Structure formats: C-alpha cells, structure tokens
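A short worksheet on the structure shown next.
Residue numbers (the working numbering): 162 to 688.
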C-alpha cells in the first residue's frame with residue numbers, strides 16, 4: 162500500500178477519533194479523498210479488504226453460540242423485517258420511478274424489488290466493529306444484532322448461489338464430511354500449539370485455507386467458509402483466546418475494506434442526491450426493527466440499541482447490486498448509488514451509535530410505551546434486591562472474589578455475567594448469580610433507586626476481561642452518584658491509570674498481584 166495512502170488513512174482516522182467518532186468514518190472519507198485525487202483501488206487493496214472481512218467473519222464464528230441464531234426474535238424478526246422493508250422500499254422506489262429520468266428511466270417493479278432487497282441488509286462489518294469499539298458485543302443487544310446479521314448473511318449467500326451463472330460443483334456435498342473430519346484434528350492441534358504466534362498463524366490458516374479456500378473451490382462464497390469454520394470450532398476453550406489474538410489483525414485489514422468503498426465510485430451530483438435520500442431512508446429500517454423486536458417481547462432498551470446497531474446498509478447489498486448489474490437486471494448507475502448510500506449510512510450511523518445512550522435517555526418514556534406486556538425471560542429488568550456487593554464478570558477471578566466476599570457478606574453478594582451458560586453453572590454450584598451485563602442502563606437505574614431508598618450497595622467489583630465494559634460501568638456509577646467503594650481488575654499500565662482516573666478505589670493489577678499471590682503461596686507452603 163502506498164505510504165501516502167497510509168498517511169491519509171491515519172490522518173482522517175485520527176481526526177474523526179478526536180471529535181468522538183469511530184476511526185472507520187475517517188477511513189471512508191480517506192477513500193473518497195483518494196478517489197478524488199485519482200487513486201484506484203487495485204488488487205492489493207481488494208485483497209487486504211477481503212482478508213479483513215474473512216477474519217471478521219471467522220472471529221464472529223469463534224464467539225458465536227448457535228442457540229443465539231434459533232431464538233424466535235432473531236430468525237423470525239430478521240425474516241419479517243427484511244420482507245416488510247423490501248416491500249416498503251420497493252414501493253418508495255416505484256413512486257420515485259414516476260419521474261422516469263436518470264437511473265429511474267424505464268424503471269420497473271423487478272428493479273425496484275432487487276434494489277429494495279439489497280437495501281434490506283445491514284452491515285456486519287460496521288455493526289461488529291462499532292459494538293467491539295464500545296465493548297458491547299457480548300451484551301444482549303450486541304449478541305442479538307450479530308445473530309440477525311449472520312441470518313442476513315446466510316440469506317445473501319443463498320441469493321447469490323441461486324442467481325449465479327453456474328451452480329456450485331458437486332464437490333459441495335463433500336464439505337460437511339471434510340469439516341466433520343477436520344474438527345477433531347483442529348482440537349488436537351489446539352492442545353499442542355501453545356499460546357504464542359503459532360496460535361495466531363493457525364487462526365489465519367483455519368480462516369483462509371479449510372475455511373475460505375475450501376468453499377471457494379466448491380463454488381461457494383469464501384466469506385461464508387470463514388464464518389462456518391469459526392462456528393465449527395467455537396466450542397473449544399481456546400477459540401476465545403484465538404479470537405482475541407486475531408482482533409487487531411482484523412481491525413487493521415478492515416481499513417482496506419473501508420478505503421475500497423470510498424475508492425469504488427466517483428459520485429456525480431445527481432447520483433449523490435439520490436444516494437443521500439436513499440441513505441436517509443435508514444430511519445425506516447430503524448423504526449421497523451424496533452417495532453418488530455418489541456413485538457417479540459424484547460425490552461424497549463434492548464430493541465432500541467439493537468436497532469441502532471443495524472442502522473446502516475450492507476456490503477452484501479453492494480455485492481447483490483453488482484451481480485444484478487452484471488446480469489443487466491439493473492443499470493450500472495445503481496451500483497454507484499448503493500455504494501455511496503452505504504458510505505453515507507455509515508457516517509450517519511456512527512454518531513447515532515456514539516451518542517445512543519444520551520438519545521435513549523431523552524426518548525425513553527416514549528419508547529417504553531411501545532413495549533408489549535409479554536417479556537422474554539432472558540431480557541427482563543433485574544432487581545438487585547438487598548445486595549450489598551455487586552461483582553461483574555464470573556470468570557476465574559470473579560469466582561474467587563465471590564467466594565471470598567461471601568464469607569464476609571453472606572447472601573448480600575450478587576454476581577452478574579452476560580453468559581447464560583456461566584450463570585447456569587454458578588447457580589448449580591449454589592452461587593447467587595444472575596444474567597445481565599454492565600451496559601444495561603436500566604440495571605444501573607435500579608441501583609440508583611436502591612440508593613434513594615437508603616439500601617445502598619457498599620462495594621462494586623469489576624472483574625470483566627474487557628476494559629471498555631469496565632469503563633462503561635464506571636461512567637454509569639458516576640452518573641448515579643454512587644458513594645460506595647469500587648474495585649477493578651486491569652492488565653496494562655494505561656488501563657490501570659484510566660480506571661484510577663475514573664474513581665476506582667482499588668485496582669488489581671493482574672500481572673503484579675498474581676506474582677505477589679504466588680510468592681505468598683510459596684512462603685506459606687514452606688512454613
């Protein structure tokens with residue numbers, strides 16, 4: 162990649178970060194600037210872009226739980242939303258087609274349905290990147306949004322297979338057998354490979370060779386292969402470690418994806434105006450997502466944050482439009498319109514997601530009136546009752562903290578974890594653990610109500626392995642003017658400094674304190 166390209170991408174990414182927006186918006190702008198300067202995408206940028214997308218889908222698969230896909234609000238909500246929004250957008254496009262000029266010349270119902278179908282998808286890349294940046298990918302709304310996106314991606318792949326000039330080869334029927342045979346081999350290598358650079362290299366190998374290349378060989382989308390490979394091995398304890406190691410590689414390669422969108426088309430004034438109106442239509446998507454999710458029994462809060470995560474257009478929609486244009490089903494002008502609409506939707510969606518909590522607080526009373534009486538069992542407002550100690554995150558450290566603190570506070574210790582399997586395990590062991598996460602605003606409001614009732618929580622312990630989630634919890638504690646003590650865990654020195662600046666009374670340095678604990682353990686054994 163040209164040094165000038167890297168410089169421009171860094172400058173714009175850094176500038177938008179300074180104003181509180183995700184760097185990816187800067188990369189998009191950098192792509193348009195490079196396009197204006199006469200730069201062309203080229204094979205290298207496309208390769209980097211494809212690698213970023215494949216790593217993204219692979220890491221999603223590594224963290225995915227299949228049962229999240231078979232929830233009624235996920236598969237039912239996705240299909241209902243895509244059907245309704247396709248019909249709505251097709252109707253609006255047909256109305257616009259009455260002008261019969263430019264891209265709308267000789268416009269027909271088939272073209273309207275194709276474009277509307279392409280616009281019904283939301284961006285997996287953008288949503289997952291945004292959720293990761295905010296530390297919300299494991300929250301209720303985060304897991305729901307990701308599950309919806311995967312259902313959409315699978316539907317897009319089915320469409321592309323059905324509309325392909327040639328069907329997948331007969332070798333496609335061997336893929337399940339090959340994957341079945343690969344899985345035990347992968348698990349064996351997992352046990353022997355250790356925790357260093359070999360694990361990273363193995364991750365690249367799995368995503369690109371038995372994942373992407375295998376599916377490409379049989380005539381399927383390589384991206385789908387990377388996703389399926391990740392899902393296949395997601396049950397192994399080491400998969401989460403692999404996903405964390407690949408995270409920064411994925412983020413770096415995705416810069417190529419966002420640059421390639423800006424480089425893909427040079428907009429004319431007419432195309433830009435149409436694209437702007439198409440981009441603004443994401444409001445209909447957000448409203449319909451919210452209404453659909455609440456009909457399935459999700460809280461207004463969860464429905465709202467899930468809907469905002471999906472408030473954009475998709476790279477898969479761009480691919481569908483490209484296929485339609487290549488088959489002469491659509492004028493090529495629409496490829497440019499969808500590309501620019503996609504870019505504008507990212508620019509619109511970024512500040513909406515950045516300030517989503519502030520927006521929710523202003524319209525909360527209205528949104529809650531749209532809730533149904535029925536509520537999903539795993540999406541209810543949690544009552545902390547008479548808890549005096551709250552522990553967030555029930556990994557090894559959180560569990561140890563719980564057991565020690567319970568000896569002092571008894572049943573007044575309450576632990577929270579986002580993972581239902583973790584919650585189920587600890588409850589079977591007799592621990593007082595509930596399913597929730599630190600990003601649940603209504604949970605913090607309940608803690609605030611307890612303070613007003615003089616039933617104050619005395620200690621909050623943050624044992625989450627994600628610094629962003631710890632920071633979010635601290636900001637919420639500050640918002641409700643929490644007066645008790647706060648303890649937290651961290652690894653790097655800058656994370657420790659950040660936590661102390663946010664008011665943490667005791668920061669447990671995992672590296673330093675582990676060494677002290679080991680020394681104490683040795684000394685006690687030698688007495």
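Just so it is clear, CB atoms sit at the ideal spot from N, CA and C, and this is done for glycine as well.
Here the structure is a predicted model, which is why all the values come from computation and not from measurement.
Per-residue DSSP class, three states only, for residue i
i           : result
residue 643 : coil
residue 596 : strand
residue 670 : strand
residue 180 : coil
residue 309 : helix
residue 583 : helix
residue 575 : strand
residue 169 : helix
residue 200 : coil
residue 429 : coil
residue 665 : coil
residue 363 : helix
residue 552 : strand
residue 379 : coil
residue 537 : coil
residue 621 : strand
residue 442 : coil
residue 650 : strand
residue 220 : helix
residue 558 : helix
residue 472 : coil
residue 109 : Given a span of 162 to 688 for the chain in the structure shown, any question on residue 109 remains unanswerable.
residue 567 : helix
residue 532 : coil
residue 344 : helix
residue 547 : coil
Straight-line gap, residue i to residue j (C-alpha atoms, nearest Å)
i           : j           : result
residue 275 : residue 229 : 29 Å
residue 495 : residue 477 : 14 Å
residue 567 : residue 573 : 8 Å
residue 581 : residue 197 : 50 Å
residue 694 : residue 593 : Coverage of the chain is limited to positions 162 through 688, which leaves residue 694 absent and any answer about it impossible.
residue 411 : residue 533 : 39 Å
residue 561 : residue 621 : 15 Å
residue 184 : residue 169 : 12 Å
residue 223 : residue 397 : 9 Å
residue 589 : residue 578 : 15 Å
residue 241 : residue 233 : 11 Å
residue 520 : residue 587 : 36 Å
residue 244 : residue 481 : 16 Å
residue 553 : residue 332 : 48 Å
residue 642 : residue 294 : 26 Å
residue 375 : residue 392 : 15 Å
residue 351 : residue 344 : 11 Å
residue 379 : residue 337 : 12 Å
residue 347 : residue 226 : 19 Å
residue 619 : residue 644 : 8 Å
residue 308 : residue 166 : 34 Å
residue 314 : residue 373 : 15 Å
residue 744 : residue 297 : Outside the displayed range of the chain (162 to 688) lies residue 744, so it cannot be described from this structure.
residue 334 : residue 324 : 19 Å
Cβ-Cβ separation, residue j to residue i (assumed contact under 8 Å), whole Å
i           : j           : result
residue 319 : residue 432 : About 30 Å separates the two Cβ atoms, so there is no contact after all.
residue 529 : residue 461 : 5 Å
residue 424 : residue 286 : Rounded, the Cβ-Cβ distance is 16 Å, inconsistent with contact.
residue 498 : residue 439 : 6 Å
residue 215 : residue 329 : Actually they do not touch by this definition, with Cβ atoms about 18 Å apart.
residue 407 : residue 220 : 6 Å
residue 388 : residue 218 : 4 Å
residue 434 : residue 473 : Not a contact, Cβ separation roughly 20 Å.
residue 584 : residue 596 : 5 Å
residue 246 : residue 281 : 5 Å
residue 471 : residue 517 : With 8 Å as the limit, residue 471 and residue 517 do not qualify as a contact, their Cβ atoms being about 12 Å apart.
residue 176 : residue 187 : 6 Å
residue 272 : residue 490 : 7 Å
Residue i, buried or exposed, once every other Cβ within 10 Å from all chains shown has been counted against 16
i           : result
residue 514 : buried
residue 719 : Because the chain in this structure spans residues 162 to 688, residue 719 falls outside the shown range and cannot be described.
residue 204 : exposed
residue 464 : buried
residue 563 : buried
residue 441 : exposed
residue 260 : exposed
residue 557 : exposed
residue 665 : buried
residue 446 : buried
Residue i: CB within 7 Å of a non-hydrogen atom of the ligand SAM
i           : result
residue 371 : With respect to small molecules bound, the structure shown includes none, and the ligand SAM cannot be examined in it.
Checklist entry - Are at least three pairs of beta-carbons, each pair with one atom in the region 626-635 and one in the region 658-667, less than 8 Å apart? => result yes
Next on the checklist: Under 8 Å, with one C-beta from each stretch per pair, do the region 481-488 and the region 294-306 reach the 3-pair mark?
Outcome noted: no
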